[in-house]
């Protein structure tokens with residue numbers, strides 16, 4: 008009897024294994040198990056991506072907070088009134104430091120800018136964020152007049168101020184032949200609404216040291232128009248002979264320069280203030296330390312140097328030692344041989 012029972016159990020076991028194998032084969036062949044596994048793997052991938060995004064967001068939050076705090080510390084205020092007052096005070100301080108008492112600063116009404124992510128806040132609880140202000144802008148106009156170097160210093164100081172702003176427009180208006188320059192600067196200042204900084208805003212570095220690389224540019228006033236130099240026609244000498252003012256140019260034209268003698272000519276006192284290529288030919292403009300000015304055409308001389316031509320911002324002269332060039336802003340004693 009026990010042998011029969013064992014036999015039946017064996018047969019039933021084989022049958023059950025066969026049925027299970029057939030069922031698994033059917034499910035696998037129909038793709039049901041494969042699709043279920045793919046769905047589980049996709050769910051795992053989505054969950055992994057969400058966790059990675061959350062970790063990235065968590066690690067980036069301190070950096071964003073620090074960046075926002077930096078913007079707050081460079082904001083002129085938390086309201087339109089405080090920002091407008093701070094803007095006027097800081098610009099007026101710059102004008103006083105540069106000794107520009109006739110300068111002025113004017114501001115327009117503040118403009119509130121909304122969030123650029125408005126389209127992202129269209130549904131649900133985020134909808135209330137659509138109308139929240141993001142920041143405010145105040146446009147200001149600074150008007151001043153003075154020497155050319157003073158105007159460049161003012162422009163540098165305005166551009167390097169630490170508060171959040173941008174320069175929108177700069178306009179120069181030369182006056183009195185370039186002796187004085189009128190300048191108008193339009194800028195836009197930004198302020199963070201509703202957030203007040205407890206840190207006092209400090210200027211970075213010494214503005215005098217910062218402007219040092221631009222001093223040579225400021226010394227060469229491109230708007231200065233020197234008056235035409237008098238042309239002196241040589242007449243036969245009736246008295247004792249004197250040393251010539253300058254060697255006679257090839258084309259015979261020459262300009263008499265006060266104190267221009269062949270020995271001891273004060274080249275260091277004469278500075279090249281302009282070099283242009285106009286419709287009538289090349290021209291070089293020089294200014295002496297005593298205030299006298301000189302306008303040269305090719306072939307005309309100053310001291311022993313004969314003006315020849317203009318190349319970009321360089322005037323070429325020819326002397327006894329060959330051709331030399333002088334850059335705008337340099338004096339004639341700073342001339343260099345061509346090729347150096």
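In this note's numbering, the protein residues as written are 8 to 347.
Glycine included, each C-beta is placed from N, C-alpha and C at the ideal position.
Rounded to whole angstroms, what's the CA-CA distance from residue i to residue j? Just pull it up for me.
| i | j | result |
| --- | --- | --- |
| residue 339 | residue 325 | 12 Å |
| residue 49 | residue 57 | 12 Å |
| residue 189 | residue 137 | 44 Å |
| residue 210 | residue 168 | 6 Å |
| residue 342 | residue 336 | 11 Å |
| residue 296 | residue 74 | 52 Å |
| residue 171 | residue 178 | 22 Å |
| residue 102 | residue 150 | 10 Å |
| residue 96 | residue 160 | 18 Å |
| residue 206 | residue 67 | 24 Å |
| residue 212 | residue 218 | 11 Å |
| residue 61 | residue 156 | 55 Å |
| residue 287 | residue 107 | 39 Å |
| residue 63 | residue 44 | 28 Å |
| residue 65 | residue 46 | 29 Å |
| residue 294 | residue 271 | 18 Å |
List the DSSP bridge partners of residue i.
| i | result |
| --- | --- |
| residue 324 | 314 and 331 |
| residue 144 | 118 and 197 |
| residue 172 | 196 |
| residue 302 | 292 |
| residue 149 | 112 and 192 |
| residue 309 | 312 |
| residue 220 | Answer is none; residue 220 lacks a bridge partner. |
| residue 179 | 190 |
| residue 283 | 290 |
Taking the alpha carbon of residue i as the reference point, which residue from the options has its own alpha carbon closest?
| i | options | result |
| --- | --- | --- |
| residue 153 | 327, 119 and 111 | 111 |
| residue 327 | 313, 321 and 320 | 313 |
| residue 183 | 285, 195 and 233 | 233 |
| residue 141 | 156, 118, 211 and 279 | 118 |
| residue 173 | 164, 180 and 65 | 164 |
| residue 279 | 291, 207 and 133 | 291 |
| residue 277 | 334, 229 and 289 | 334 |
| residue 298 | 323, 86, 77 and 186 | 186 |
| residue 214 | 229, 191, 206 and 162 | 162 |
| residue 191 | 300, 63 and 109 | 109 |
| residue 224 | 158, 271 and 175 | 158 |
| residue 76 | 227, 229, 208 and 271 | 208 |
| residue 121 | 105, 139 and 87 | 139 |
| residue 86 | 196, 69, 222 and 284 | 196 |
For residue i, I'd like the list of residues in its chain whose CB is within less than 7 Å of its CB, leaving aside the five on either flank, ordered along the chain.
| i | result |
| --- | --- |
| residue 274 | 310, 338, 339 and 340 |
| residue 319 | none |
| residue 5 | Nothing can be reported for residue 5, as the shown portion of the chain is limited to 8 through 347. |
| residue 226 | 156 and 336 |
Excluding the five sequence neighbours on either side, which residues of its own chain have a C-beta within less than 6 Å of the C-beta of residue i, listed in chain order?
| i | result |
| --- | --- |
| residue 148 | 113 and 193 |
| residue 198 | 82, 83, 84, 90 and 143 |
| residue 79 | 199, 202 and 204 |
| residue 115 | 146 |
| residue 321 | 332 and 334 |
| residue 241 | Unreliable placement is indicated for residue 241, whose pLDDT of 41 sits below 50; no coordinate value is reported for it. |
| residue 181 | 188 and 230 |
Note down, in chain order, each residue of its chain lying with its Cβ closer than 8 Å to the Cβ of residue i, except the 5 sequence neighbours on either side.
| i | result |
| --- | --- |
| residue 330 | 315, 323, 324, 344 and 345 |
| residue 133 | 127 |
| residue 176 | 191, 192 and 193 |
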